[in-house]
Each structure stands twice: as structure tokens, then as C-alpha cells.
Amino acid sequence: MNIQSLVAWTVLAAAGFALTQTAFAQQAASDTQPARHGQAQLGDPYVPPAARKPTAGTQTTGDELHAQVVRKLQRQFAAADAGNAGLTEAQAKAAGLGYVAKNFKQIDVNRTGRVSFSDVQRYLQSQSATRQ
């Protein structure tokens, strides 16, 4: 075998090796990428299919809806009013009770600087009465 043949075989072997490395790298990337892409289309793979479907719930309306809203507001108010001394306007803002903070002056009819949940309920009832 002469030098030219040896060089040619070495170049061919190196090119073949380089091509196989590139092919393996592309295969590894395509193995992971399409699978993740498919999972993204199907939704979160860690959530069972039954849990992905929206459940058929009942619509709450009327008095039950009003009671739900009052209970939620009462829980939020109670969490903010840890000392049961009533909330100041600043405490209402800090607790995320924007409606109470925005209407604080109208709710605080006694001008004490604090409102109780009863004051808030009274204000809500007066507002619903004026809208009807």
C-alpha cells in the first residue's frame, strides 16, 4: 500500500467517524425533542388524563352565590383582622381587600378609623338596596 492510499483511507475513516458522531448527536436530539414536543401538545404528562378533563360543575346562583361571596369575604376579613379590633384602611389595602379599602370612608360611618365585618356587611346591603 502506498502513502497516497494510506492517506486516502485515513481521510475516509475520519470523515466516516465524523459523520457517525453527527448522526448520533442528531438522533439523540430528535429522540428527546419530538417526545417533549408531543407531550406539550397533549398537556402535562404528569397529570392523569381523567384529571385534565374539566369537570361538569353546577353554576351557583342567587342566594347561594351571595352566601358564597359573603363567606369568602368573611374569611379574608378575619385573616386580616387578627386581633378582632376591626381593620384600618391601610390594613384592608395590605390584605388585598380593595373593595373595603376603596369604600372605607363610606363603610366607617362612626368615623373610628376601623371597620368591622358587620360594618362591611351593612354597607354591602345598603349598596344592593340602592341598586334595586
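Take the sequence shown: its letters are residues -25 to -1, 1 to 107, numbered as in mature numbering (1 follows the signal peptide of the UniProt record, and there is no 0). All C-beta atoms, glycine included, are put in the ideal place defined by N, C-alpha and C. These figures come from a predicted structure and were not determined experimentally.
Non-local C-beta neighbours of R89 in its own chain, meaning closer than 8 Å and more than five positions away in sequence, comprise A60, G61, L62, T63 and D83, ordered along the chain.
From the listed residues Q96, A70 and R86, the smallest Cα separation to A42 is found for Q96. Under DSSP, the beta-bridge partners assigned to L62 are V90.
A55 sits close to A67, with the two beta carbons spaced by under 8 Å. CA-to-CA, the gap between F92 and L40 works out to about 19 Å. When only Cα atoms are considered, Y98 and V75 end up about 10 Å apart.
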